[in-house]
Amino acid sequence: MQVSEQLEHIVAAQFEKTLDQCSNEEIYGALLQLTKERICHCSHPQSQRKLYYISAEFLIGKLLSNNLINLGIYEDVKTCLSSIGKQLSDIEELEYEPSLGNGGLGRLAACFMDSLATLGLNGDGIGLNYHFGLFHQLFKNLKQYETKDPWLKKPSWLEDTGISFSVEFGHSRVTSHLYDLDVVGYESGVNTLHLFDLDGVDESLVKEGIDFDESLVDRNLTLFLYPDDSTEAGRRLRVYQEYFMVSNAAQYILWEQKKLGHDLHHLDQYVCIQINDTHPSMIIPELIRRLMFEGVRLKEAIKIVSHTCAYTNHTILAEALETWPYDTLADIVPQLMPIIEVLHMLAPPKAGTEIIDDQQNVHMASMDIHYGYSINGVAALHTEILKTSELKNFYELYPDKFNNKTNGITFRRWLLYTNPDLSAWIEKRIGPGFKKNADELTKLVAFDQTEDLTELKAIKDANKQRLCAYIEKTQDIHMDPNSIFDIQIKRLHEYKRQQMNLLYIIWLIEQIRKGYRPNHKVTFIFGAKAAPAYILAKDIIHAILCVETIIEQDDLLKQYIQVVMVENYNVTKAEKLIPAADISEQISLASKEASGTGNMKLMLNGAVTLGTMDGANVEIANLVGKDNIYIFGQSSETVIAHYAHADYHPQDYIDAEVKAVLDFLISDEMVTIGDATCLQRLYQDLNHKDWFMALLDLKSYIATKNQMIKDYQDTESWMKKSLVNISMAGFFSSDRTIEQYNHDIWKLD
Ligand code: B1H
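In structure tokens form, the structure reads like this:
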């Protein structure tokens, strides 16, 4: 049936109207139903062996347009709507973005779901349905405030399955309720994302703040995505949520496998489970326990589970590798303790690899590595660091378990959807094959004639114009589309060094006031949420917002620079920012960013990277060559040595110029508009601690960025760099990543 015909049918049945009589809300509802009806006709993959990808986060973004694109009816819908004087983009705005993740880790899981479905692989996701998700970020008095994000609205993509399980805790028992979401592959089949919720969850418990009352677990467990791990209550909530997730996962997997008639003694033949970071690690003891309920003996259950589970590590930051006090686990999930004890005793006795350490802490990653059959890092450098330093002791025990899977992104969302003009430009030159085979993008390098580059520049300019209109509309801020758009968008963290970017801007302010005139106007755009309890991260946001204001109010400065901090940065905002970027800021302290995936999205959209040799930047640099990327800063080896010798002191890097920059943070000008306590705290930290070494690289960062701004003046040569970046981005398709996971780890046929 034609799209228009089907839509007319739906609105006639639902609202007794014709399409042109419908409101935007009604059209949204109708499109949702149309999509669901079409998905019904897609086939599920048939292979016997199945992957379950368990993750605490699935940052899926809005689904309407993505589903329309993957079903191949996006253009038809657009045309149909425009025939009645409507725009699809206005309808899209009515959809709430699911708030089910923080950043890269959750977005990666979403990209993987897209690629699994596109490649026709039998793999479902399992996670949680957080009603208010991560918080909604508001700026007030130049500070971040967190409010609840009620994204779950009707009509919704979620289907109530009616499936529920019982989950036991030490002091209570709760019942779950499963909601399913279809994941449509690009011109192919459909997989499922299973989101477990609490039966009887009570949204009315949430008033102003975001907190967790343990006596109400049977009503509040799935209200928030782990908002606060700085308090005991917050940390305990995490344990509750994590166990709730994996107990449901284990019950679901066994239920489904039994239904398929599979012999649970051979579960490892039929099932593999990917543990996304340590949040789902308790799946190991829980699955062992549940196999024993099914009559499998302990030793055999351990063996089966060891051949079923694989673990992905996403960070080397010690504070993010979860450990739980034994007593906390014994209190919340006592039933797991006998099994965790056995797992601990059966693991080879090697210092630094204990599951339960001398201080009675349980190390989740240790359990994953001893009892998982594959351990992977998420970029080449990251995996090397795991092997040679962070997880060295484990690598010596299990060299064959370690492997690298460099992250990737789905080009359907991050190119076809976000940048339709660029997609058309590409298709006109190399045909449509790149949509399913991203390697074909390399053919583009040949298209570097003046006419090609002029068109490419016009596409970038139009994207910048669109971003300007959007920022004007949403934040009432006027930006100059002719300025360079220098963009840093990612979670706020000291290791990502948004503060170093800010110090550059302050340096520039001081130069301009001394009479220096930059080659080109630059708009510095930030998008970042700080974890609610991460004080210094919030101080950095405050300082950025103060500097934004100072520039805005200064007639000299605002001729040359502007700072814009985008409020409530999320997937939807990323989709608007990325196509408009000229410079991609990837400036983490070398060794700290496991991979990064924003770097890939920005490269694919023609931005040129300014970055350190960290994470996947290293692979980007190798692919595009040194003329098409701007690398600065100390190497990961140097940084790792500084930590090892504890010999980094910020004072060693403070000369008169740097001192002036730091002093600006607590200048009268800043303190008059800002909060002196916050600014002082940041100032003191940078002067005396600077744990993530912003000052170590500040000078080379300033020099490299200045060079970049200068080079931007030569439009043709800049656009050639941009073209090389687009052409070489094919490697970063998540289709490639998923093929590698499948080939090396999952082996789904
Ligand atoms: C990544 C996290 C993360 N690694 C715990 N680890 C969190 C861990 O709220 N928490 O408890 C939140 C986030 N996120 C990211 O994963 C890495 O920093 C990126 O470099 C990487 O690209 C991404 C996907 O692998």
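So the sequence shown is residues 1 to 749, counted in UniProt numbering.
Heads up, the beta-carbon is just placed ideally off N, CA and C, and yes, glycines get one too.
Because the structure is a prediction, the values reported are computed rather than measured.
Touch test, the region 532-540 against the region 596-611, Cβ-Cβ under 8 Å, three pairs minimum: Segments in contact, no.
Length of the line joining the Cα atoms of N141 and T549: Between the alpha carbons of N141 and T549 lies a gap of roughly 11 Å.
Uninterrupted alpha helix (DSSP H) stretches inside the region 592-678 (no shorter than 4 residues): Restricting attention to alpha helix (DSSP H) runs no shorter than 4 residues, the region 592-678 encloses them at 598-604, 617-624, 636-645, 656-664 and 668-673, ordered along the chain.
Integer-rounded CB distance, given that Y648 should sit under 8 Å from L662: 16 Å between Cβ atoms; not a contact.
Residue from Y504, N404, G72 and K460 whose Cα sits closest to the Cα of H743: Of the candidates Y504, N404, G72 and K460, the one whose C-alpha sits nearest the C-alpha of H743 is N404.
Among M345, F132 and S164, the one whose alpha carbon lies nearest that of W151: The shortest C-alpha separation from W151 is found at F132.
Inter-residue spacing [alpha-carbon to alpha-carbon] between Y186 and L329: Their Cα atoms are separated by approximately 42 Å.
Residues near V3 by beta carbon distance below 6 Å, same chain, minus five either side: Excluding sequence neighbours, V3 sits near I73, D76, V77 and C80.
Sub-8 Å separation of A109 and S23 beta-carbons: No. Outside cutoff.
Pick from E57, N67 and G104 that is closest to D182, judged by C-alpha positions: Measuring from the Cα of D182, the nearest candidate turns out to be N67.
Where H171 falls: helix, strand or coil (DSSP): Of the three classes helix, strand and coil, the one that applies to H171 here is coil, per DSSP.
Supposed close pair residue 752, L237 - CB separation, criterion 8 Å: There is simply no residue 752 to check, as the chain begins at 1 and stops at 749 in what is shown.
Unbroken beta strand (DSSP E) run spanning M565, endpoints: Counting along the chain, the unbroken beta strand (DSSP E) around M565 starts and ends at I561 to V566.
Of the residues L59, L51, S156 and H136, the one placed nearest E25, counting alpha carbons only: That would be S156, whose Cα lies nearest to the Cα of E25.
Distance cut-off 7 Å: A110 Cβ against heavy atoms of the ligand B1H: It does not: the Cβ of A110 is nowhere closer than 7 Å to a heavy atom of the ligand B1H.
Delimiting residues of the alpha helix (DSSP H) encompassing A469: T450 to Q475 is the extent of the alpha helix (DSSP H) around A469.
A320 CB to nearest heavy atom of the ligand B1H below 7 Å: Taken from the Cβ of A320, at least one heavy atom of the ligand B1H lies inside 7 Å.
Minimum C-alpha distance to A438 - residue among G372, Y417 and R412: Nearest option by C-alpha distance: R412.
Cβ contact (3+ pairs, closer than 8 Å) linking the region 249-269 and the region 353-364: With a cut-off of 8 Å, the region 353-364 and the region 249-269 do not count as touching, because too few Cβ pairs lie within range.
Check whether T278 and S188 have beta carbons under 8 Å apart: Against a cut-off of 8 Å, the Cβ pair of S188 and T278 comes out as no contact.
Distance cut-off 7 Å: S230 Cβ against heavy atoms of the ligand B1H: False, no ligand heavy atom lies under 7 Å from that Cβ.
The beta strand (DSSP E) enclosing E585, as first and last residue numbers: Element bounds for E585: I583 to Q586.
DSSP-derived helix/strand/coil call for H515: Rather than His, the amino acid found at residue 515 in this sequence is Gly. Reduced to three states, the DSSP call for G515 is coil.
A379 in three-state terms, based on DSSP: Correct three-state label for A379: coil.
Test item: CB-CB of V246 and W324 under 8 Å: No, the Cβ-Cβ distance between V246 and W324 is not below 8 Å.
H314 CB to nearest heavy atom of the ligand B1H below 7 Å: In this structure, H314 has its beta carbon less than 7 Å from a heavy atom of the ligand B1H.
Reduced DSSP secondary structure (H/G/I, E/B, other) of Q144: Secondary structure of Q144 (DSSP, three-state): strand.
Exposed unless 16 or more other CB atoms sit within 10 angstroms - verdict on K496: With 16 or more other Cβ atoms within 10 Å, it is buried.
CB contact flag (V571, F524, <8 Å): Result no, Cβ atoms of V571 and F524 do not sit closer than 8 Å.
Residue ranges of each beta strand (DSSP E) within the region 337-413, 3 or longer: Here the runs fully enclosed are 361-363, 374-377 and 402-404.
Short Cβ contact (8 Å threshold) for M500 with A729: Contact check for M500 against A729 fails: the beta carbons are separated by 8 Å or more.
Beta bridge counterpart(s) of S65 as assigned by DSSP: In the DSSP assignment, no residue is bridged to S65.
Distance between beta carbons of I284 and M367, contact taken as under 8 Å: M367 to I284, Cβ: 6 Å. Contact.
Cβ-Cβ distance between D697 and Q634 below 8 Å: Their beta carbons are under 8 Å apart, which means D697 touches Q634 by this criterion.
Segment contact flag, the region 651-667 with the region 577-588, C-beta cutoff 8 Å, min 3 pairs: Taking 8 Å as the limit for Cβ pairs, the verdict is that the region 577-588 does not touch the region 651-667.
For P150, the three-state DSSP class (helix, strand or coil): In the structure shown, P150 falls within a coil segment according to DSSP collapsed to helix, strand and coil.
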